[in-house]
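Engineer: Going down the list, the protein sequences come from chains A and B. Numbering-wise (my numbering), the first sequence opens with residue 5 and increments by one. Numbering-wise (my numbering), the second sequence opens with residue 675 and increments by one.
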Amino acid sequence: MRLFKNFFKKKSHSNFGDLKDDRLDISQREALEKDLFLVPSLEDNLEMLRAVVGPSTDVITRRLRVGRGQIPAALVHIKGFVDTLLLERIASTLTLGMLESPVGSTSRHTIFSEFRDRLAQSTDVKEVDNFDDMWTNLTQGHAAVLFDGTAKALTLNTQGIATRQIEEPASETVIRGPREGFVESIETNVSMIRRRVRTPNLWIEQFTLGDLTRTQVAVMYIKGLASEELVQEVRQRIQRIKIDGILESGYIEEFIEDNPFSVFPTTFRTERPDRVASMLLEGRVAIFTQATPFVLVVPMNFFMLTQAPDDYYEKLPIGAFLRLLRVVGFWMSVVLPGFYVAAVTFHNELFPTDLLISISASKEGVPFPILFEVLVMELVFELLREAGIRLPRAIGPAISIVGALVLGDAAIRAGLVSPPVVIIVALTAIASFTVPTFSFGIAARLLRFAFIILGGAFGLFGIQFAFLGVIAYLTGLRSFGYPYFAPVGPLILSDFKDVFLRTWWWDMTRRPFLESLREPVRAAGGQRPHQSIEKEEKEKR
Amino acid sequence: MRTEKIANRQMGFMIFMLRTTFVVATLPVLTTGNAAQDAWASALLTLLATAIIAAGIAALGARFPEMTVIEYSRTILGKYLGSLISLGFLWLFLHITATDSRLYAEVLVTAYLPNTPLLFIVCSMVVLAAFIVHQGIESLGRLADALIFLFTAFVLASILMAVRRLDVANLEPVLARGVGPVLSGSITAIAVSAQFIGISMLVPVLTAPQRAASTAVLAALLIGLVLIMAAVTVVGTLGPELGSRTIFPFFLMTRSLELAPRFLERVDVFGTMAWGFGLLMDVGLFLYCGSRGMSQFFGLRDYRPLVAPMAVVWALLAVYGFKDIFEVLALFRPEVIFPYITAILFLPFLILWAAYLIRRL
Chain A
5 MRLFKNFFKK KSHSNFGDLK DDRLDISQRE ALEKDLFLVP SLEDNLEMLR
55 AVVGPSTDVI TRRLRVGRGQ IPAALVHIKG FVDTLLLERI ASTLTLGMLE
105 SPVGSTSRHT IFSEFRDRLA QSTDVKEVDN FDDMWTNLTQ GHAAVLFDGT
155 AKALTLNTQG IATRQIEEPA SETVIRGPRE GFVESIETNV SMIRRRVRTP
205 NLWIEQFTLG DLTRTQVAVM YIKGLASEEL VQEVRQRIQR IKIDGILESG
255 YIEEFIEDNP FSVFPTTFRT ERPDRVASML LEGRVAIFTQ ATPFVLVVPM
305 NFFMLTQAPD DYYEKLPIGA FLRLLRVVGF WMSVVLPGFY VAAVTFHNEL
355 FPTDLLISIS ASKEGVPFPI LFEVLVMELV FELLREAGIR LPRAIGPAIS
405 IVGALVLGDA AIRAGLVSPP VVIIVALTAI ASFTVPTFSF GIAARLLRFA
455 FIILGGAFGL FGIQFAFLGV IAYLTGLRSF GYPYFAPVGP LILSDFKDVF
505 LRTWWWDMTR RPFLESLREP VRAAGGQRPH QSIEKEEKEK R
Chain B
675 MRTEKIANRQ MGFMIFMLRT TFVVATLPVL TTGNAAQDAW ASALLTLLAT
725 AIIAAGIAAL GARFPEMTVI EYSRTILGKY LGSLISLGFL WLFLHITATD
775 SRLYAEVLVT AYLPNTPLLF IVCSMVVLAA FIVHQGIESL GRLADALIFL
825 FTAFVLASIL MAVRRLDVAN LEPVLARGVG PVLSGSITAI AVSAQFIGIS
875 MLVPVLTAPQ RAASTAVLAA LLIGLVLIMA AVTVVGTLGP ELGSRTIFPF
925 FLMTRSLELA PRFLERVDVF GTMAWGFGLL MDVGLFLYCG SRGMSQFFGL
975 RDYRPLVAPM AVVWALLAVY GFKDIFEVLA LFRPEVIFPY ITAILFLPFL
1025 ILWAAYLIRR L
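Next comes the structure, spelled out in structure tokens:
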């Protein structure tokens, strides 16, 4: 069997002729292309290229004759991946430069190494001997130089891929803090982190995922800080992925998350380099994906979702207050409508008499039960929200007019919903917008409906049941083996300096306990600033 | 298979929550024993006794840090006698939880949901507990961690708000009728400390089994404190007469409270929620103990397949095991519960201790 394989492999460099067969399916083509080796003949190599890429006009081949020996050569690149200036410089080296320089008369046999060692004007040069590697480099913005008589190609980095400008991420805005957000280029994104965390121990491992898209995925961590088991686990879960294409980090997220049915995200996604950097400093691992600004960070826990970057940059008292407000906001957006339904349906005694009378009065003439009212209004709000996202910007205001006037005001006047319900739905909506992480808002939105239905059916017992269910679920959940509800369940009191409130930076001397068992200390103790009175004393003297 | 571990702290929280709930729920047991205005003295006595019982159960477990009570009773007493005793323990797990969930369901039905069938309430709690236990004991431990603050806040709030309305005259005269009623009042409360048996199943999964006894005693003391506070406030606000006649006096007390007049009235729902938290702990823990114990009794490797069938038995026993609330409460009469618990728990543990000490000699 092995003999046969070897035989096949040896022959394979010339079998690109098979590729001209239109009946070949994509997997067959891919398999054949994996076995294509470069041959000494330039013409054969170029024909092989043509056979593989077909009539694609963005793969550009420039034929040249190099040096005084007029050795045939070719410069290959993909349009839109390269910087034209750099490319022109290489072309001029190959043509003019070779003619003028003393190595211009090099023979056909040594021209490749001469060019590689003495002339190639690029700092990132790779030598490849098969088509697959050459193509991978081409798609990363390299240009390939092929010489007649050498069964190899030299690829030079001439990267110049057009990307979006770095701008503030729309989904995670801050009042105080860096205004940079990730872009669609993995190289730019990685460099943004490198600029923030300059230690050489910031390690990056590269993977290629997706048989057809061949998406670059980078795993980043601080060597020696992130637990080796965690890094190994991430590596394993990523390497397990077998799929034809990865277009967004969401694909990877679904392959590597711990529990596919969880409404709570178990991988943290963000567009902000400062957040990724801060998480790397806590011993977590970041996963970058080519062509998306969303970076995944693992392991995550529940309480990361109520943290906003400002918390750490803004003065402590307001930062702490806002954090607490968001925690309350999240739970309010989950529980409030359900609680209201339960209280109105089963526990009228919870309201003081006056309030109860006004609630009952407003319900007068409304034909639907309260459960139905709240459910419908919540659904309407969800519709408005979704419509607001999908609408073209220009007609955006229209939806708010429809929402506010037609659905709000008119529905009340027509007696279809009672005013308190509108207030509750509006409050819930406002509360849900305080959650700084969009993916977390999704969980709140879904859970809210469960609370409404259970509250409407079983009163506060239903609310309690749902609450206990959610907490029980959260405490059972894990993210890459780390308990999701830490530091509350399991209780880690030392981590409480950064959960519901945060304490001063000089007081947060330790990293999160579980994530950084290797190196728990983050800052030296005893750095609390004191008001200095020495100056005044000196002046008095 | 990875062995699950929970911290001693988590076990302490679990025991604290389920015991406090039970104490608060079944406070009439203190007053049915005729202690009346001296309920606090009964509570103090209970505190001491339960601390000793907790220490006794946990300390024996700590001698066998790798084994549950089901396993080491066989080691100590031999196959047959050991099995017999463990059978008693297994029954106890079942019975405690069934009684507790029945009580809880009765309160909910009486107070809030008169049209909801008992079976539904019991089932929803048991199903939730089964879900958690299926995830593992670690999950239950973490749940205890997550709920402890809210639970303590609810219970303390109920008690502290009642302090305002406390009438010291209700607590007098102090020990007027001698210690007899105090003693008889504490009998039931001591007997229901049978719940500490849960510790003997948890020792092998603790991170520090050798410190199980101190954890248990600490939990017992805290529970005792809550019990004393509850006894004082209940009798102090309701008076000894009403306190002894009502079925759930603590509950009646919280019903008469107002958190913030004109905004939120009738804060007893929070007390009931705390009760719900504790009950979940209770059902969860004993469902674990029951299924784990059962699996060891029959020599199965994993307890998880037993969780679902046991949960069904649990729910059915809670609903159909008793005719009505008075039959449940009749179980708590000192002359019924004390011999029962003695026969099934105290005596076997004395035998185990004795046999252990004799073997050591």
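By construction, the Cβ of each residue, glycine as well, lies at the ideal position given by its N, Cα and C atoms.
Pick helix, strand or coil for P44(A), following the three-state DSSP scheme.
Structural biologist: Counted from its first residue, the first sequence places residue 44(A) at position 40. Note: P44(A) maps to coil in three-state DSSP.
Engineer: What are the boundary residues of the beta strand (DSSP E) that W207(A) is part of?
Structural biologist: Position 203 of the first sequence holds residue 207(A). Here the beta strand (DSSP E) through W207(A) covers L206 to L213.
Engineer: I'd like the list of long-range same chain contacts for P424(A), defined as Cβ closer than 7 Å, with 5 residues on each side in sequence excluded.
Structural biologist: Taking the first sequence and counting its residues from 1, the one referred to as residue 424(A) is at position 420. Result list for P424(A): I363 and S366, in chain order.
Engineer: Quick test of your reading: T167(A) and Q125(A), contact by CB under 8 Å. State the CB separation rounded to the nearest angstrom.
Structural biologist: Here residue 167(A) refers to the residue found at position 163 of the first sequence. Here residue 125(A) refers to the residue found at position 121 of the first sequence. T167(A) to Q125(A), Cβ: 24 Å. No contact.
Engineer: Just to confirm before moving on: does the CB-CB distance between L901(B) and T790(B) stay below 8 Å?
Structural biologist: Working through the second sequence from its first residue, we reach residue 901(B) at position 227. Working through the second sequence from its first residue, we reach residue 790(B) at position 116. No, the pair does not count as a contact, with Cβ atoms beyond the cut-off.
Engineer: DSSP state of T219(A), grouped into three classes?
Structural biologist: Residue mapping note: residue 219(A) aligns to position 215 of the first sequence, counting from 1. The answer is strand: DSSP assigns T219(A) an E or B state.
Engineer: In the structure shown, what three-state DSSP assignment does R514(A) receive?
Structural biologist: The sequence position of residue 514(A) within the first sequence is 510, counting from 1. The answer is strand: DSSP assigns R514(A) an E or B state.
Engineer: Relative to the C-alpha of R838(B), which residue among A863(B), V908(B) and V986(B) is closest?
Structural biologist: For the purposes of this step, residue 838(B) is identified with residue 164 of the second sequence, where counting begins at 1. Checking every option, the nearest Cα to that of R838(B) belongs to V908(B).
Engineer: So F151(A) is in the beta strand (DSSP E); what residue range does that whole segment cover?
Structural biologist: Against the first sequence, residue 151(A) aligns to sequence position 147. It spans H146 to F151 - the beta strand (DSSP E) in which F151(A) sits, taken as one unbroken run.
Engineer: I need the DSSP call for I247(A), collapsed to helix, strand or coil.
Structural biologist: Stepping through the first sequence from its first residue, residue 247(A) is reached at position 243. Looking at I247(A) - three-state DSSP - the assignment turns out to be coil, as it is neither helix nor strand.
Engineer: With distances taken between CB atoms, is the gap from A779(B) to V796(B) smaller than 8 Å?
Structural biologist: Looking up residue 779(B) in the second sequence gives position 105. Looking up residue 796(B) in the second sequence gives position 122. Closer than 8 Å, so yes.
Engineer: Going by CA-CA distance only, name the one from R244(A), N205(A), S253(A) and Q240(A) that's closest to Q220(A).
Structural biologist: Along the first sequence, one-based indexing puts residue 220(A) at 216. Per the Cα distances, S253(A).
Engineer: Using a Cβ-Cβ cut-off of less than 7 Å, list which residues of the segment 983 to 994 of chain B approach chain A; keep chain order.
Structural biologist: So nothing in the stretch comes that close.
Engineer: Have a look at I731(B), R1007(B) and S716(B) and flag the residue whose alpha-carbon is nearest the alpha-carbon of G872(B).
Structural biologist: Working through the second sequence from its first residue, we reach residue 872(B) at position 198. Per the Cα distances, I731(B).
Engineer: Name the chain B residues whose beta carbon is nearer than 8 Å to that of V525(A)?
Structural biologist: Sequence index remark: in the first sequence, residue 525(A) carries index 521 (1-based). Going along chain B, no residue has its Cβ under 8 Å from V525(A), so there is no contact; the nearest lies around 23 Å.
Engineer: Out of V378(A), T192(A) and F455(A), which one is the CA nearest neighbour of A295(A)?
Structural biologist: Position 291 of the first sequence, counting from 1, holds the residue named residue 295(A). Of V378(A), T192(A) and F455(A), the residue nearest in Cα terms is T192(A).
Engineer: Around the C-beta of D976(B), are 16 or more other C-beta atoms found within 10 angstroms, so that it is buried, or is it exposed?
Structural biologist: Position 302 of the second sequence holds residue 976(B). Exposed.
Engineer: Taking just the CA atoms, how far does A35(A) sit from R27(A)?
Structural biologist: On the first sequence, position 23 is the one that residue 27(A) refers to. On the first sequence, position 31 is the one that residue 35(A) refers to. Each residue's Cα considered, the two are about 14 Å apart.
Engineer: Going along chain A in order, which residues have a C-beta closer than 9 Å to the C-beta of L787(B)?
Structural biologist: Position 113 of the second sequence, counted from the start, is the residue given in the question as residue 787(B). Here the neighbours are F350, F462, G463 and F465.
Engineer: How many Å lie between P883(B) and S874(B) at the Cα?
Structural biologist: Counting from one through the second sequence, the residue named residue 883(B) turns up at place 209. Counting from one through the second sequence, the residue named residue 874(B) turns up at place 200. Cα to Cα, P883(B) sits roughly 10 Å from S874(B).
Engineer: Quick one: complete alpha helix (DSSP H) runs, 4+ long, within the segment 478 to 503 of chain A?
Structural biologist: none
Engineer: What are the residues that DSSP puts in a beta bridge with F135(A)?
Structural biologist: Position 131 of the first sequence, counted from the start, is the residue given in the question as residue 135(A). None, per the DSSP bridge assignment.
Engineer: With a CB to CB cut of under 6 Å and the five nearest residues on each side skipped, what residues in its chain are close to F489(A)?
Structural biologist: Taking the first residue of the first sequence as 1, we reach residue 489(A) at position 485. So the list reads F306, L478 and T479, once near-sequence residues are dropped.
Engineer: What residues from chain B crowd round A448(A), counting only those whose CB sits closer than 7 Å?
Structural biologist: Looking up residue 448(A) in the first sequence gives position 444. Neighbours of A448(A) on chain B: none; closest Cβ ~18 Å, over 7 Å.
Engineer: Do we get a CB-CB distance below 8 Å when we pair S965(B) with the residues of chain A?
Structural biologist: Walking along the second sequence from the start, residue 965(B) turns up at place 291. For S965(B), the answer is no, since every Cβ of chain A falls outside 8 Å of its Cβ.
Engineer: If we require 4 or more residues per run, which alpha helix (DSSP H) segments fall completely within the segment 832 to 904 of chain B?
Structural biologist: Within the segment 832 to 904 of chain B, the alpha helix (DSSP H) runs of at least 4 residues that lie entirely inside it are, in chain order, 854 to 865 and 871 to 876.
Engineer: Using a threshold of 8 Å, state whether the C-beta atoms of L388(A) and G407(A) are closer than that.
Structural biologist: As a working mapping, residue 388(A) is identified with position 384 in the first sequence. As a working mapping, residue 407(A) is identified with position 403 in the first sequence. Their beta carbons are under 8 Å apart, which means L388(A) touches G407(A) by this criterion.
Engineer: Residues in its own chain within less than 7 Å of S520(A) by CB, not counting five upstream and five downstream?
Structural biologist: As a first step, residue 520(A) is located in the first sequence; it is residue number 516 there, counting from the start. These residues qualify, in order along the chain: L229, E286 and G287.
Engineer: Go ahead and label V345(A) buried or exposed: buried means 16 or more other beta carbons lie within 10 angstroms of its beta carbon, across all protein chains shown.
Structural biologist: Within the first sequence, residue 345(A) is the residue found at index 341, counting from 1. Looking at its Cβ environment, which holds 16 or more other Cβ atoms inside 10 Å, V345(A) is buried.
Engineer: Between W1027(B) and the rest of its own chain, which residues show a CB-CB distance below 8 Å, the 5 nearest in sequence each way excluded?
Structural biologist: Here residue 1027(B) refers to the residue found at position 353 of the second sequence. Result list for W1027(B): G730 and L734, in chain order.
Engineer: State the Cα-Cα distance for the pair Q468(A) and G459(A), rounded to the nearest angstrom.
Structural biologist: Along the first sequence, one-based indexing puts residue 468(A) at 464. Along the first sequence, one-based indexing puts residue 459(A) at 455. Approximately 9 Å, taken between the alpha carbons.
Engineer: To the nearest angstrom, how far is the alpha carbon of H81(A) from that of V187(A)?
Structural biologist: If you number the first sequence from 1, residue 81(A) lands on position 77. If you number the first sequence from 1, residue 187(A) lands on position 183. Near 24 Å, if we compare the C-alpha coordinates of V187(A) and H81(A).
Engineer: Check I179(A) in the structure and name its three-state DSSP category.
Structural biologist: Mapped onto the first sequence, residue 179(A) falls at position 175. In the three-state reduction of the DSSP assignment, I179(A) falls in the coil class, being assigned neither a helical nor a strand state.
Engineer: Let me make sure I understand the geometry here. Which of P516(A), T162(A) and F465(A) has the alpha-carbon closest to that of K501(A)?
Structural biologist: Locating residue 501(A) in the first sequence gives position 497, where the first residue counts as 1. Answer by Cα proximity: P516(A).
Engineer: From this set, L90(A), D25(A) and V421(A), which residue's C-alpha is nearest G58(A)'s C-alpha?
Structural biologist: The residue labelled residue 58(A) in the question sits at position 54 within the first sequence. The candidate whose alpha carbon is nearest that of G58(A) is D25(A).
Engineer: Looking at C-alpha atoms only, which residue of K753(B), W714(B), T695(B) and R683(B) is the closest neighbour of G973(B)?
Structural biologist: What you label residue 973(B) is simply residue 299 of the second sequence in a count that begins at 1. Nearest of K753(B), W714(B), T695(B) and R683(B) to G973(B), Cα basis: K753(B).
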